[in-house]
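Presented below is the structure to which this report refers.
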Amino acid sequence: MRTVDLLVIGGGSAGMAAAIQAKKEGINDILIVERDENLGGILNQCIHNGFGLTEFKEELSGPEYLARFVSQVEELKIPYMTSSMVIDMTREKIVTISSKKEGVFKIKAKAIVMATGCYERGAGAIQIPGDRCSGIITAGTAQKYLNIHGYLCGKRVVILGSGDIGLIMARRLTLEGAKVICVSEIMPYSNGLNRNIAQCLNDYNIPLYLSRSVSKVIGKDRLEKVILSAVDEKMQFIPGTEMEIECDTLILSVGLIPYISLLDYIDCPTSSTKGAKVNEHMETMIEGIFSAGNCLHVHDVVDFVTDEGRLAGHGAAEYLKGEFKRGEKIVVTPKDGISYVVPQEINKDNEEDVTFKFRVRKPVKDVNLIIESNGELVAKMFKPVLIPSEMVMVKLSKDKLANVDKEVSLRLEER
Amino acid sequence: MKEFTCIICPRGCRLSVDDNMNVTGNSCPRGKQYAISELTNPVRTITSSVRVNNRDDLLVSVKTSGAIPKGKIFELMDEINKLSVSAPTHIGDVVKKDILGLGVDLLITKNID
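Chains A and B, in that order, give the protein sequences. FYI, numbering that gives the first Met the number 0 numbers position 62 of the first sequence as 61, with every residue one higher than the one before it. FYI, numbering that gives the first Met the number 0 numbers position 65 of the second sequence as 64, with every residue one higher than the one before it.
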């Protein structure tokens, strides 16, 4: 059977960063497996700009950002295989790959980084009442049709969901001649970045309706109209608030879910992020299998995906070199006001600072973030504004971690 | 007093500008610059894509080398949609110099072999 020291599953931003980092740390036997024809992942279709501000201190488009990592992969001579998909894996790290060039084969890895990205919630997942007609597609699919292949999905468009991809597509479709009638969001606040509301909706006078969702889709073959209704606090439609809108396309931007079907094969424990449960090295609960990027938890900014990929690549390199210090486990728990924290576990003997990444449950102002261990305060930080659509990162130094035993929790406290 | 969201970075600061062009709410100097530009001559960098002649069903992404006046965006889009290129393409290749006489170039942003 073929063998490899480090197998990286997914050649997007997280996977490339992990492979580059591991290579720089002396791991030479690496293989990146990518199912698309090219490296780069989702950034291939994100032709708008705004990427790289943290990583490169300049504003790049998605393809420009990814190209910088592809050149590093090439320069470092890291082997990669495109049009190749992992179709099975075992806990012993025996992975079955189906490759356009090499057929189906098995490979045994000493360490694996899972960097498989995420997928979009589709129409089935949100159970929109009404006809089953064509013209209802996800924002990412519309983006691929338009930006890669040059097909406009419709002429009169309603967008459901105000996540960043939905907002970006509102602008993009408008620029290409479609009429975007409105963006409708079921929550009382937008899940997109403020700058995207400004530059994608306000710039083109596209209205954003909050606390409003699609209560019915109508169309014989192709979508003809949608009914938007206001929702109450319990997300139930309020009768009498219906707005009928003629349109030929409904674009869904209603959430992203980590793509972890491979982890199901190996019964890998997951967390509330819907991705794998990991320690501070981004190692899953199965030794030697790491995870990073959107398959671990959905990110808002690619620069942070790259950073997490590097962390996983560093972890995998240490694991392969036998330098991985484990020690007693500290369990990390999200409490009041916090929906998830990554990592979910820390090794007590870890000799590095740990960055907690978390999201809040709802928008809050003027709160203290409290980090505690066994009822004792470890750190307290003032946060003027926190919103669910922005991932928060808080670094805890190794000195502070020395005072932590068995468990550590994060919570918000009103001032 | 005018209020709007800064679009320079993902932070999205809420900017206020008073009648004497004093900017508040910004977290960095670029926010101040943006606020003044937004009130005097609002500009945007435009990204789009153009057809690749020698490939089936394939576009290549492009951007303007600098920001253009907001009012010129749709005129620019009409111009972009008339253009096409041939692969291979390289990041930074000029598709159209001084497009529409706006003083910016249209540049390729994707490598296609």
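For each residue, glycine too, the CB sits at the ideal point set by N, CA and C.
{"Item": "Out of Ile250/A, Leu385/A, Thr53/A, state which residue places its alpha-carbon closest to the alpha-carbon of glycine 160/A.", "Value": "Ile250/A"}
{"Item": "When you compare each of Ser83/B, Asp92/B, Gly24/B to serine 139/B by their alpha carbons, which one comes out closest?", "Value": "Chain B is shown only over 0 to 112; residue 139/B falls outside these bounds and no answer can be derived."}
{"Item": "Comparing alpha-carbon positions, which option in Lys347/A, Asn346/A, Val330/A lies nearest methionine 339/A?", "Value": "The question names methionine, but residue 339/A in the sequence shown is tyrosine. Considering only alpha carbons, the answer is Val330/A."}
{"Item": "Spatial neighbours of isoleucine 125/A within its chain, please: CB distance less than 6 angstroms, with the 5 preceding and 5 following residues excluded, ordered by chain position.", "Value": "Val253"}
{"Item": "Quick one: Cα of valine 3/A to Cα of asparagine 193/A, how far?", "Value": "44 angstroms"}
{"Item": "Tell me which same chain residues have a C-beta within less than 6 angstroms of the C-beta of leucine 30/A, skipping the five on either side of it?", "Value": "Val3, Leu6, Pro78"}
{"Item": "With distances taken Cα to Cα, identify the nearest neighbour of lysine 143/A among Ile164/A, Ile96/A, Ser133/A, Asp130/A.", "Value": "Ile164/A"}
{"Item": "Can you list, in chain order, the residues of the region 17 to 48 of chain B whose Cβ is nearer than 9 angstroms to any Cβ on chain A?", "Value": "Pro41, Arg43, Thr44, Ile45, Thr46, Ser47, Ser48"}
{"Item": "Would you call isoleucine 180/A buried or exposed, if buried means 16 or more other Cβ atoms sit within 10 Å of its Cβ?", "Value": "buried"}
{"Item": "Taking Cβ-Cβ distances shorter than 9 angstroms, what residues in chain A pair up with leucine 57/B?", "Value": "Ile147, His148, Gly149"}
{"Item": "With burial defined as no fewer than 16 other Cβ atoms inside 10 Å of the residue's Cβ, what is the status of glutamate 101/A: buried or exposed?", "Value": "exposed"}
{"Item": "Terminal residues of the continuous alpha helix (DSSP H) containing serine 252/A?", "Value": "From DSSP, serine 252/A is part of no alpha helix (DSSP H); its letter is neither H nor E."}
{"Item": "What is the DSSP secondary structure of methionine 242/A, reduced to helix, strand or coil?", "Value": "strand"}
{"Item": "Looking only at its chain, what residues have a beta carbon closer than 6 angstroms to the beta carbon of aspartate 104/B, apart from the 5 residues adjacent to it on each side?", "Value": "Ser64, Val93, Lys96"}
{"Item": "Starting from arginine 50/B, find everything on chain A with Cβ-Cβ shorter than 8 angstroms and list it in chain order.", "Value": "Gly149"}
{"Item": "Taking Cβ-Cβ distances below 8 angstroms as the criterion, which residues of the region 289 to 302 of chain A are in contact with chain B?", "Value": "Asp299, Val300"}
{"Item": "Anything in the region 65 to 95 of chain A with a Cβ closer than 7 angstroms to a Cβ of chain B? List those residues in chain order, please.", "Value": "Ala66"}
{"Item": "Using CA coordinates, which residue listed in Gly153/A, Asp365/A, Ile288/A is at the minimum distance from methionine 88/A?", "Value": "Ile288/A"}
{"Item": "Is the CB of proline 87/B under 7 angstroms away from at least one CB in chain A?", "Value": "no"}
{"Item": "One question on the structure: do serine 83/B and arginine 50/B come within less than 7 angstroms of each other, judged by their Cβ atoms?", "Value": "yes"}
{"Item": "If contacts are defined as beta-carbon pairs under 8 angstroms, then leucine 395/A and valine 359/A qualify, I think. What distance do you get, rounded to the angstrom?", "Value": "Not a contact, Cβ separation roughly 18 angstroms."}
{"Item": "Classify glycine 51/A: buried if its beta carbon has 16 or more other beta carbons within 10 angstroms, exposed otherwise.", "Value": "buried"}
{"Item": "Leucine 101/B and isoleucine 67/B look like a contact to me (Cβ under 8 angstroms); what is the Cβ gap, rounded to whole Å?", "Value": "5 angstroms"}
{"Item": "Which same chain residues, not among the five before or five after aspartate 247/A, have their C-beta less than 8 angstroms away from its C-beta?", "Value": "Gly134, Gly153, Lys154, Arg155, Val156, Arg221, Leu222, Glu223"}
{"Item": "Could you check if phenylalanine 104/A is buried or exposed, using at least 16 other CB atoms within 10 Å of its CB as the buried criterion?", "Value": "exposed"}
{"Item": "Can you tell me the Cα-Cα spacing of proline 257/A and leucine 174/A, whole angstroms?", "Value": "30 angstroms"}
{"Item": "If we call anything under 7 angstroms between Cβ atoms a contact, is glycine 9/A one with alanine 114/A?", "Value": "yes"}
{"Item": "In chain order, what residues of the same chain have a beta carbon less than 6 angstroms from the beta carbon of glycine 326/A, not counting five sequence neighbours either side?", "Value": "Asn346, Lys347, Asp348"}
{"Item": "According to DSSP, is cysteine 294/A helix, strand or coil?", "Value": "helix"}
{"Item": "CB glycine 292/A to CB glycine 308/A, shorter than 7 angstroms?", "Value": "yes"}
{"Item": "Ordered along the chain, which non-local residues of its own chain (more than five positions away) have a Cβ less than 8 angstroms from that of isoleucine 265/A?", "Value": "Met88, Thr89, Arg90, Ile285, Ile288"}
{"Item": "Do the CB positions of serine 372/A and valine 341/A come within less than 7 angstroms of each other?", "Value": "no"}
{"Item": "Under 7 angstroms Cβ to Cβ from glycine 11/B, same chain only, skipping five residues before and after it: list those, please.", "Value": "Thr4, Cys5"}
{"Item": "How would you label cysteine 45/A, buried or exposed, when you count the other beta carbons within 10 angstroms and need 16 or more for buried?", "Value": "buried"}
{"Item": "Round the Cβ separation of histidine 313/A and glutamine 20/A to the nearest angstrom and send it over; I've been treating them as touching at under 8 angstroms.", "Value": "5 angstroms"}
{"Item": "If we require 4 or more residues per run, which alpha helix (DSSP H) segments fall completely within the region 264 to 341 of chain A?", "Value": "301 to 319"}
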